[in-house]
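So the sequence shown is residues 11 to 142, counted in this note's numbering. Positions of the beta carbon are idealized from the N, C-alpha and C atoms, including for glycine. Structure first, then comments.
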Amino acid sequence: MEEIALEYRIDRRSGVATYLQIVQQTKQALRMGLLEPGDRLPTAREVVEATAINPNTVLKAYRELEREGLVEARRGLGTFIRTTLGTASPADSPLRGELADWARRARAAGLEREDVAALFTSVLKEHFEGDE
């Protein structure tokens with residue numbers, strides 16, 4: 011059983027509910043192969059200390075992940091990853107390098123993080139419409 015140093019980044023200006031940000035970041039870590047079955051998520055207290063959010067928000071996110079079958083709470087031990095997402099590790103994909111190059115070019119062209127996110131989201135919608 012391994013404890014992962016997963017650090018949640020909460021963007022209070024994003025318009026996305028805080029608990030959903032935790033859910034999304036956990037799923038992203040699963041897709042990237044950063045979390046594996048048996049890994050322990052940070053405790054609610056650890057997340058609260060690192061992010062200054064309400065403990066109930068963390069618990070709500072963990073309950074949602076549990077409802078989706080991704081984690082399991084073990085009384086007195088913590089919350090553990092049950093399964094992974096995806097079949098291949100995107101972290102090792104050659105596409106990651108291409109995307110990193112693109113992000114560097116976007117930044118050099120003067121685009122802000124929010125501009126890049128909006129552009130990327132619009133392209134995702136265009137090419138993955140109806141996949142959700």
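N- and C-terminal bounds of the alpha helix (DSSP H) containing residue i
i, result
"A39", "T28 to R41"
Terminal residues of the beta strand (DSSP E) in which residue i lies
i, result
"E82", "V81 to R84"
"T94", "Run containing T94: none; DSSP gives neither H nor E here."
Residue i burial status per 10 Å Cβ neighbour count (16 or more: buried)
i, result
"T93", "exposed"
"L109", "exposed"
"L105", "exposed"
"V26", "exposed"
Nearest-angstrom Cα separation, counted from residue j out to residue i
i, j, result
"L16", "R114", "25 Å"
"E139", "P47", "30 Å"
Cut-off 6 Å between Cβ atoms - residues of its own chain near residue i, not counting five sequence neighbours on either side
i, result
"P65", "A54 and V58"
Cβ-based neighbour list, residue i, same chain, cut-off 8 Å, excluding 5 preceding and 5 following
i, result
"A60", "E17, Y18 and P52"
"E2", "Lying before the first or after the last residue shown, residue 2 is absent from the chain, which here runs from 11 to 142."
Cut-off 7 Å between Cβ atoms - residues of its own chain near residue i, not counting five sequence neighbours on either side
i, result
"T28", "I20, I63 and T67"
_Cβ contact check for the segment 132-141 and the segment 79-90: 3 or more pairs under 8 Å_ = no
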